Amino acid sequence: MSAVLLQVGQCGNQLGLEWWRLLTETPAQGRELDRYPFSARDGKLGAVFIDSEPKVLRGARQLVRNKRLRESSIVAGQGGRGSNWAYGYHGRQGEGDCGLLQRAMEALRMEAERRDCYCGTILLHSLSGGTGSGLGARLCEEIREEFPAGHILSVSVAPYQSGESPLQHYNTLLSLASLHRSADGLLLFRNDQALGPAEPLQGATGGLSNPSCPGGSFSAMNKHIASCLAGLLLPVHSLTNASGLSLGMEPWELVRSVCPLPAAKLLHTTQACSRDRMHWDSLATSSLQGLPHLSPEGKHHSSRALLAVARGVQVDSFVTSTALQRLIRGHHCVPWNPFPVDHWTDPRDELGCSHSSRRLTVCSNHSSASDLLSRVVRRAGEMIQARAYLHWYQRHGVETQHFQEALDTLNAIIKEYDTQGD
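FYI, the numbering for the sequence shown is 0 to 421, going by numbering that gives the first Met the number 0.
Here it is in structure tokens:
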């Protein structure tokens with residue numbers, strides 16, 4: 000076991016529960032999925048559930064009653080954070096050593112000490128809520144300081160373009176700026192991208208649906224994200240040692256593969272799966288359907304690096320097929336990276352519903368991230384200029400200059416992605 004999963008805020012906890020449900024309840028072709036390397040030696044899940052309101056953690060307490068989670072791994076506050084990044088980041092005044100941040104870090108330390116070799120933290124959270132964005136960003140900074148040699152992979156859920164909260168653009172701005180300074184990689188999932196069924200018979204599931212659409216729901220979103228995470232992070236045969244033992248290095252090898260330079264580390268994920276022996280070439284083509292190819296200004300997007308994870312029967316044929324070449328062309332990989340593609344394979348699709356199922360999960364350092372950043376910068380900048388809601392942040396220690404620093408950080412990332420193909 001090398002990682003600790005940290006679920007923060009309502010979104011992070013709901014997503015975390017779906018992830019653990021996938022690992023503990025999904026029948027993997029007639030058997031239960033092996034939870035290693037995501038559990039400790041005693042079988043308890045390697046996770047910490049954190050929220051500022053206790054009601055969000057009811058699902059985690061059910062895991063305690065089922066003897067799958069330690070009571071010490073649940074950290075609850077007694078009041079929300081008002082969808083305010085500043086309130087989530089700085090917390091309540093006078094909390095001291097008993098505050099939510101301090102208790103969360105202590106729970107993380109306890110879990111890290113139980114690892115055979117602690118290598119890092121996977122953080123699940125949203126970018127728009129007060130607890131998920133504010134406390135999530137603060138925890139990321141504290142973990143970086145406390146465990147400087149450990150990796151941090153953030154799984155960040157971006158809000159809808161409009162309609163969730165009047166403060167969502169501020170929260171997303173401040174959260175992304177902080178995370179980019181502290182995390183090694185950010186797996187971005189966006190609520191307003193189209194999502195088909197969570198487990199299609201075949202085809203791409205590269206985006207997320209609007210809950211107002213028929214068949215779409217927050218539950219379907221969480222299932223989709225958990226499926227993508229499983230495609231990327233479950234043990235693969237390619238990374239096992241000579242004795243066939245998984246060392247749980249998939250999250251950190253993912254970062255190494257797709258984040259060649261620290262100035263740009265926002266990651267896009269697509270997935271295509273089939274219940275039958277659909278050809279790998281066809282799955283690669285299907286995975287490209289969930290990938291943005293053009294910016295709103297009509298500029299072609301490109302990828303600095305990408306990782307393709309193929310799971311299923313006859314996986315050796317994936318390497319000999321044209322799937323990798325299709326992915327290189329479809330992602331418009333930058334010319335300056337001589338080795339833009341990495342691939343992992345495993346002969347089993349652990350989440351498949353048949354012995355002949357196949358699953359292709361693709362993670363790329365894709366310049367379409369600049370579209371999201373540009374929108375956040377524009378809308379947050381307009382609100383700052385109008386001085387809308389700034390007093391809500393000032394009362395918790397975030398002044399106008401902090402917003403400007405965050406704008407500068409995101410503008411620098413946008414520039415980095417816009418020039419990556421040069």
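All C-beta atoms in this analysis are idealised placements derived from N, C-alpha and C, irrespective of residue type, glycine included.
All of these numbers come straight from a predicted model, not from anything done at the bench.
CB of residue i within 9 Å of CB of residue j, strictly
| i | j | result |
| --- | --- | --- |
| residue 375 | residue 175 | yes |
| residue 122 | residue 253 | no |
| residue 50 | residue 81 | no |
| residue 88 | residue 177 | yes |
| residue 186 | residue 154 | yes |
| residue 327 | residue 369 | no |
| residue 256 | residue 341 | yes |
| residue 283 | residue 323 | yes |
| residue 390 | residue 83 | no |
| residue 173 | residue 136 | yes |
| residue 1 | residue 243 | no |
Cβ distance (whole Å) where residue i is taken to contact residue j below 8 Å
| i | j | result |
| --- | --- | --- |
| residue 429 | residue 74 | The displayed coordinates of the chain run from 0 to 421. Any statement about residue 429 would go beyond what the structure contains. |
| residue 184 | residue 264 | 5 Å |
| residue 14 | residue 229 | 12 Å between Cβ atoms; not a contact. |
| residue 476 | residue 325 | The requested residue 476 does not occur in the structure, where the chain is confined to residues 0 to 421. |
| residue 116 | residue 149 | About 10 Å separates the two Cβ atoms, so there is no contact after all. |
| residue 278 | residue 302 | Not really, about 23 Å apart at Cβ, beyond 8 Å. |
| residue 364 | residue 266 | 6 Å |
The alpha helix (DSSP H) enclosing residue i, as first and last residue numbers
| i | result |
| --- | --- |
| residue 338 | Segment: none, residue 338 is in no alpha helix (DSSP H) and carries neither H nor E. |
| residue 221 | 217–232 |
| residue 1 | Run containing residue 1: none; DSSP gives neither H nor E here. |
| residue 130 | First-last for residue 130: undefined, no H or E at that position. |
Alpha carbon of residue i to alpha carbon of residue j, nearest angstrom
| i | j | result |
| --- | --- | --- |
| residue 182 | residue 250 | 13 Å |
| residue 312 | residue 329 | 24 Å |
| residue 195 | residue 113 | Residue placement at residue 195 is poorly supported in this model, since its pLDDT is 46, which falls under 50; the coordinates are not used for a value here. |
| residue 238 | residue 317 | 17 Å |
| residue 166 | residue 127 | 8 Å |
| residue 76 | residue 102 | 10 Å |
| residue 66 | residue 43 | 7 Å |
| residue 260 | residue 64 | 44 Å |
| residue 91 | residue 98 | 8 Å |
| residue 304 | residue 366 | 11 Å |
| residue 272 | residue 346 | 14 Å |
| residue 151 | residue 139 | 8 Å |
| residue 240 | residue 388 | 54 Å |
| residue 210 | residue 11 | Note that residue 210 scores a pLDDT of 32, beneath 50, so its modelled location is shaky and nothing firm can be said. |
Run of the beta strand (DSSP E) containing residue i, from where it starts to where it stops
| i | result |
| --- | --- |
| residue 83 | Here residue 83 belongs to no beta strand (DSSP E), and DSSP marks it neither H nor E. |
| residue 362 | 357–365 |
| residue 23 | Segment 8–24 is the alpha helix (DSSP H) holding residue 23; no beta strand (DSSP E) there. |
| residue 321 | From DSSP, residue 321 is part of no beta strand (DSSP E); its letter is neither H nor E. |
| residue 122 | 119–125 |
| residue 267 | 265–273 |
| residue 48 | 46–50 |
| residue 380 | Taken as a continuous stretch (DSSP letters only), residue 380 belongs to no beta strand (DSSP E), being part of the alpha helix (DSSP H) at 368–384. |
| residue 186 | 184–189 |
Open item on the list: Counting beta carbon pairs with one atom in the stretch 98–113 and one in the stretch 133–147, are three or more of them shorter than 8 Å?
Closed with: yes
Open item on the list: So, does the stretch 349–367 touch the stretch 381–390, judging by three or more C-beta pairs under 8 Å?
Closed with: no
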